[in-house]
Each structure stands twice: as C-alpha cells, then as structure tokens.
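J.:
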C-alpha cells in the first residue's frame, strides 16, 4: 500500500521486498538452533544484527533477484539513508512499513525518516497510517490468510 503513490513501484515487488527484507537472519537462526543451542538470546541478536544484511544481500544476488530488491536487506534499517536518485524505491517502502508497528508509529520522529519523505508521506499520515488504512489492510491480511484461525 505504501508504494501506491508511485507508478514506478509495483505493489507485488513491494510485497516481495517486505517478505525478503530480513531473509539473511533465517540462516543465522537455523545455524544457531542446530549447532549452538546454548547461545544466549542477546548474543544471537547481536550476530543477526551484525551479519543478516550481508547474508540477505548475498542470498538475493545468488537467487538473481532484481537489484532494486537486492538493496533492501542492507538499507531498510537506515532511517537517514540517502539514495542517489532521490526517487522512492523498495528500500523506502520497507523502511516505512517496518516503522508501522501498532502503537509505535506515533513515537517515531517521522521528519527524520527520509524514506517517508521520498514516498510522499508527511508525519501525520505516517502516524495514522494503520488506522487510516485499516479496511485495506484487513483485505490484504485476509488474502494472505494472516491472523486466520485454524480448525
């Protein structure tokens, strides 16, 4: 939904960017689970923070993802990220989406999030995004079977 204001951003690619932005953490968690069961949570989180972007970038390159998606693992956590073109990209979409945690968006200093600016969202829109788009988000969650009860 965040990509809708930009014709050059495809919603399907934006969704895919969101799905793979932390893909580099998966091998780290699997390795830790398999070989280092005694690794404490803090150390594991530090390892994930330090290495997951590089691993995710390498995975997406090896899987022949387009360059605009390969950039997502390394860039999505950088709120002050500048891009050469100044045009919104999939990294911006994932950055803003990650900040849309229920209850937390009101506390983000949105004026300092360059990705929101490139996407054309001002602070008030970002703070109220989940509320303002609740119906659309419910439809998307329904299509993806998110939060569905299983019997």
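In the working numbering, the protein residues as written are 406 to 556. Virtual Cβ for every residue (Gly too), placed ideally from N, Cα, C.
Could you tell me if residue 490 is buried or exposed, where buried requires 16 or more neighbouring beta carbons within 10 angstroms of its beta carbon?
T.: So residue 490 ends up on the exposed side.
J.: Give the DSSP-derived three-state secondary structure of residue 497 in the structure shown.
T.: Three-state DSSP puts residue 497 in a helix.
J.: When we look at the beta-carbon of residue 497 and count the other beta-carbons within 10 Å, is it buried (16 or more) or exposed?
T.: Residue 497 should be labelled buried.
J.: So, does the region 428 to 441 touch the region 450 to 465, judging by three or more C-beta pairs under 8 Å?
T.: Yes, the region 428 to 441 touches the region 450 to 465.
J.: If you count every other CB in all the chains shown that lies within 10 Å of the CB of residue 448, and 16 or more means buried, which is it?
T.: Residue 448 is exposed by the Cβ-count criterion.
J.: With a threshold of 16 other CB atoms inside 10 Å of the CB of residue 518, please say whether the residue is buried or exposed.
T.: So residue 518 ends up on the buried side.
J.: Report buried or exposed for residue 481, applying the criterion of at least 16 other Cβ atoms within 10 angstroms of its Cβ.
T.: Classification for residue 481: buried.
J.: Among the candidates 455, 472, 484, whose CA atom is the shortest distance from the CA of residue 433?
T.: Comparing Cα-Cα distances from residue 433 to each of 455, 472, 484, the minimum goes to 455.
J.: Near residue 437, which residues of its chain fall below 7 Å by C-beta distance, leaving aside the five closest residues on each side in sequence?
T.: Closer than 7 Å at Cβ, skipping near neighbours: 444, 449.
J.: In chain order, what residues of the same chain have a beta carbon less than 8 Å from the beta carbon of residue 414, not counting five sequence neighbours either side?
T.: Cβ within range, chain order: 408, 493, 494, 495, 498.
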